[in-house]
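As structure tokens, the structure follows; a few thoughts come after it.
Residue numbers (this note's numbering), protein chains in the order written: chain A, 201 to 518; chain B, 5 to 97; chain C, 86 to 184.
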């Protein structure tokens with residue numbers, strides 16, 4: 201028990217210090233670096249709190265993909281001009297500290313008042329009871345793709361929408377004008393050759409494992425996105441779809457999900473209601489399509505943030 | 005029992021390497037010497053920690069996964085320090 | 086106070102810290118970082134609530150909700166960063182053309 205207490209204390213301190221530094225350290229680069237550390241510490245916290253699915257997602261999506269996005273942004277412009285300051289130097293930090301302390305007290309009290317839910321109540325036990333009916337044996341996957349498939353559909357829609365909006369910042373909504381790096385020098389090239397097969401294997405495993413244990417389409421998609429980004433940075437231009445295949449790759453996940461919804465309605469089962477005996481297979485197939493699409497979406501988000509070649513991508517200045 | 009003692013010793017040794025590497029990171033004057041401290045000490049430190057955990061693994065597959073983590077971390081650390089060392093501007097002291 | 090409560094309060098703390106920084110900084114890129122920290126705090130509250138109700142088998146509905154939250158956060162982050170970079174490029178180009 202005491203060892204656990206010490207570990208918890210170390211964990212809480214690490215979270216607070218890394219978050220505090222990420223937020224308040226001077227300098228953008230240091231801030232982004234500390235945010236990456238924060239993400240990794242957070243993954244340990246999720247594991248500590250009995251949420252291995254969330255830990256995997258945090259490591260792959262929040263720390264991994266978000267880290268790549270932030271790093272690429274911060275290396276383009278490592279510095280920024282000084283902030284415009286309102287009022288005297290001490291005013292804003294003081295206001296922030298007072299408001300923050302007040303909010304912590306209010307929200308903290310509210311959260312604690314929410315009271316511990318009695319064991320055996322809430323939705324958790326119901327899900328555990330009914331997981332066997334869903335065609336998969338892992339409760340989180342059952343919630344995501346069987347019980348609350350609606351939420352997941354909308355989640356895929358949000359991701360797709362974000363990609364569509366980002367693409368709209370480019371001329372014709374295409375990415376061919378974003379220059380791709382040339383062939384990598386031997387050392388990073390060796391890393392790409394070694395790491396990409398391992399990552400893809402890991403993504404496949406996460407996808408299949410998601411039916412019976414922690415894992416699933418989103419974690420696998422994030423890994424796939426990492427592999428695609430590595431390939432593109434390693435000089436393989438075609439790894440991330442930028443031209444003809446761009447829109448199909450981005451849209452296929454949402455399209456498959458919607459099609460499934462309409463098929464279930466046509467079969468008279470109701471919107472996204474899956475029945476025996478195909479449901480496990482259908483869920484796995486849907487997850488496979490989602491993995492490819494999520495991987496493509498996240499990789500496209502990365503590429504679309506980069507600067508297009510001069511005089512092609514952006515509209516002409518007046 | 006012997007395995008537990010082995011684990012403990014290796015863990016302590018691994019943590020010592022991490023501590024020394026961190027000390028080097030903080031104390032060395034420029035990027036390349038800091039990289040030197042970090043990569044050597046941390047790779048060894050992580051290796052010792054992984055080796056410490058291998059006897060505690062429940063199965064061969066679990067032990068193999070631990071070793072795979074080490075191998076991947078080695079490759080990644082080697083590549084990133086190579087890139088940092090190569091592309092760093094000549095040191096401005 | 087149980088260990089679940091500690092992480093619950095930590096989540097509240099992170100959410101508030103991130104929000105305050107989000108409001109107070111003028112640097113767009115750091116706002117994105119602050120938004121991510123604040124979001125992580127909210128997710129930690131959810132995970133802590135799931136853990137508190139049953140440490141042995143936490144509520145999987147809340148975990149699924151948090152997974153959704155993480156994916157939404159990365160979508161928002163990607164969109165925000167693309168816009169921030171575009172805005173800063175335009176500022177830079179405008180400065181360059183003035184000189």
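Heads up, the beta-carbon is just placed ideally off N, CA and C, and yes, glycines get one too.
Quantities reported herein were computed from a predicted structural model and do not represent experimental measurements.
Residue 414 of chain A at chain B interface by Cβ criterion, 9 Å: Numbered from its first residue, the first chain carries residue 414 of chain A at position 214. Answer no: the Cβ-Cβ gap between residue 414 of chain A and chain B never drops below 9 Å.
Contacts of residue 54 of chain B in chain A (Cβ-Cβ under 7 Å): In the second chain, counting from the first residue as 1, residue 54 of chain B sits at position 50. Below the 7 Å Cβ cutoff, chain A contributes no neighbours of residue 54 of chain B, its closest Cβ being approximately 17 Å away.
Neighbour flag for residue 229 of chain A against chain B, beta carbons, 9 Å: By one-based count along the first chain, residue 229 of chain A stands at place 29. No, its Cβ sits nowhere closer than 9 Å to a Cβ of chain B.
Any C-beta of chain C under 9 Å from that of residue 487 of chain A: To locate residue 487 of chain A, count along the first chain from 1; it is residue 287. Chain C, which has no Cβ nearer than 9 Å to the Cβ of residue 487 of chain A, makes this no.
Residue 53 of chain B versus B/74, B/62 and B/38, residue with shortest Cα-Cα distance: As a working note, residue 53 of chain B is residue 49 in the second chain. Nearest of B/74, B/62 and B/38 to residue 53 of chain B, Cα basis: B/74.
Among A/205, A/248, A/253 and A/272, nearest to residue 236 of chain A - alpha-carbon criterion: Within the first chain, the letter at position 36 stands for residue 236 of chain A. Selected option, being the one with the closest Cα: A/272.
Residue-chain proximity (residue 391 of chain A, chain B), Cβ-Cβ < 9 Å: As a working note, residue 391 of chain A is residue 191 in the first chain. Interface flag for residue 391 of chain A against chain B is set, since a Cβ pair is found closer than 9 Å.
Classification of residue 87 of chain C by the beta-carbon crowding that lies within 10 angstroms, buried from 16 upward: Residue mapping note: residue 87 of chain C aligns to position 2 of the third chain, counting from 1. Its Cβ having fewer than 16 others within 10 Å, residue 87 of chain C is exposed.
Alpha helix (DSSP H) segment containing residue 158 of chain C, residue limits: Here the question's residue 158 of chain C lines up with position 73 in the third chain. Its alpha helix (DSSP H) spans residues 145-183.
Where residue 47 of chain B falls: helix, strand or coil (DSSP): Here residue 47 of chain B is taken as the residue at index 43 of the second chain, counted from 1. Here residue 47 of chain B sits in helix by DSSP.
CB contact below 9 Å: residue 183 of chain C versus chain A: One-based indexing of the third chain puts residue 183 of chain C at position 98. No, because no Cβ of chain A sits closer than 9 Å to the Cβ of residue 183 of chain C.
Every unbroken alpha helix (DSSP H) inside the segment 405-470 of chain A [4 residues or more]: 417-433 and 446-466
Alpha-carbon to alpha-carbon, residue 274 of chain A and residue 233 of chain A: Stepping through the first chain from its first residue, residue 233 of chain A is reached at position 33. Stepping through the first chain from its first residue, residue 274 of chain A is reached at position 74. One alpha carbon belongs to residue 233 of chain A, the other to residue 274 of chain A, and they sit about 10 Å apart.
DSSP three-state assignment for residue 112 of chain C, whether helix, strand or coil: As a first step, residue 112 of chain C is located in the third chain; it is residue number 27 there, counting from the start. In the structure shown, the three-state DSSP call for residue 112 of chain C is coil.
Beta-carbon proximity list for residue 301 of chain A, same chain, < 8 Å, skipping 5 on both sides: As a first step, residue 301 of chain A must be located in the first chain, where it is residue number 101. Taken in chain order, the list of residues that qualify is empty.
Check: residue 309 of chain A C-beta below 8 Å from any heavy atom of the ligand ADP: Of the ligands one can find in the structure shown there are none, so the ligand ADP has no counterpart to examine.
Interface partners of residue 97 of chain C on chain A, CB under 7 Å: Taking the third chain and counting its residues from 1, one reaches residue 97 of chain C at position 12. In chain order: 304, 307, 308 and 311.
Alpha-carbon spacing of residue 323 of chain A relative to residue 374 of chain A, whole angstroms: On the first chain, residue 323 of chain A is found 123 positions in, with the first residue counted as 1. On the first chain, residue 374 of chain A is found 174 positions in, with the first residue counted as 1. Rounded to the nearest angstrom, the two C-alpha atoms are 44 Å apart.
Option nearest residue 412 of chain A by Cα separation, candidates A/436, A/395, A/343 and A/440: Taking the first residue of the first chain as position 1, residue 412 of chain A is located at position 212. Relative to the Cα of residue 412 of chain A, the nearest Cα in the group A/436, A/395, A/343 and A/440 belongs to A/343.
Closest by C-alpha distance to residue 442 of chain A, when choosing among A/269, A/307, A/334 and A/506: On the first chain, position 242 is the one that residue 442 of chain A refers to. Answer by Cα proximity: A/506.
Same chain, Cβ closer than 6 Å to residue 439 of chain A, neighbours up to 5 away in sequence not counted: Within the first chain, numbered from 1, the residue matching residue 439 of chain A stands at position 239. Contacts found: 428, 431 and 432.
Beta-carbon neighbours of residue 433 of chain A, restricted to chain B and to distances below 8 Å: Position 233 of the first chain, counting from 1, holds the residue named residue 433 of chain A. Within chain B, no residue comes near residue 433 of chain A; the closest Cβ sits about 11 Å away, beyond 8 Å.
Residue 252 of chain A to residue 149 of chain C span [Cα, whole Å]: To locate residue 252 of chain A, count along the first chain from 1; it is residue 52. To locate residue 149 of chain C, count along the third chain from 1; it is residue 64. Between residue 252 of chain A and residue 149 of chain C, the C-alpha separation is close to 11 Å.
Span of the alpha helix (DSSP H), counted from its first residue to its last, around residue 261 of chain A: Stepping through the first chain from its first residue, residue 261 of chain A is reached at position 61. Looking at the DSSP string, residue 261 of chain A is not in any alpha helix (DSSP H), and its letter there is neither H nor E.
Amino acids of chain A, ordered along the chain, whose beta-carbon sits closer than 8 Å to that of residue 102 of chain C: Walking along the third chain from the start, residue 102 of chain C turns up at place 17. Within 8 Å Cβ-Cβ: 219, 220, 223 and 300.
Rounded straight-line distance, which links the Cα of residue 29 of chain B to that of residue 38 of chain B: Locating residue 38 of chain B in the second chain gives position 34, where the first residue counts as 1. Locating residue 29 of chain B in the second chain gives position 25, where the first residue counts as 1. If I take the Cα positions, the gap works out to 5 Å.
Which listed residue (A/389, A/370, A/383 and A/468) has its alpha carbon closest to that of residue 501 of chain A: The residue given as residue 501 of chain A occupies position 301 in the first chain. Taking only the C-alpha atoms, the option nearest residue 501 of chain A is A/370.
Chain B contact residues for residue 349 of chain A, given Cβ-Cβ distances below 9 Å: The residue labelled residue 349 of chain A in the question sits at position 149 within the first chain. Correct list: empty, because the minimum Cβ distance to chain B is about 32 Å.
Residue 115 of chain C versus residue 228 of chain A: straight-line alpha-carbon distance, rounded: The sequence position of residue 115 of chain C within the third chain is 30, counting from 1. The sequence position of residue 228 of chain A within the first chain is 28, counting from 1. Roughly 7 Å between the two C-alpha positions.
Delimiting residues of the alpha helix (DSSP H) encompassing residue 239 of chain A: Sequence index remark: in the first chain, residue 239 of chain A carries index 39 (1-based). That run of the alpha helix (DSSP H) goes 228-248.
Closer than 8 Å at the beta carbon, the chain A residues around residue 64 of chain B: Along the second chain, read from residue 1 onward, the residue named residue 64 of chain B stands at position 60. What residue 64 of chain B touches in chain A: nothing, since even the nearest Cβ is about 17 Å away.
Where residue 97 of chain B falls, given that 16 or more other Cβ within 10 Å makes a residue buried: Sequence index remark: in the second chain, residue 97 of chain B carries index 93 (1-based). Annotation note: pLDDT 44 at residue 97 of chain B (below 50); position unreliable, no value reported.
Unbroken alpha helix (DSSP H) run spanning residue 478 of chain A, endpoints: In the first chain, the residue the question calls residue 478 of chain A occupies position 278. No alpha helix (DSSP H) holds residue 478 of chain A; DSSP gives it neither H nor E.
Cβ of residue 79 of chain B within 9 Å of any chain A Cβ: As a working mapping, residue 79 of chain B is identified with position 75 in the second chain. Under the Cβ criterion of 9 Å, residue 79 of chain B is counted among the residues facing chain A.
Other residues of its chain near residue 493 of chain A: CB distance less than 6 Å, five sequence neighbours each side excluded: Taking the first residue of the first chain as 1, we reach residue 493 of chain A at position 293. Correct list, in chain order: 452 and 453.
For residue 267 of chain A and residue 241 of chain A, the rounded distance between their alpha carbons: The residue given as residue 241 of chain A occupies position 41 in the first chain. The residue given as residue 267 of chain A occupies position 67 in the first chain. If I take the Cα positions, the gap works out to 14 Å.
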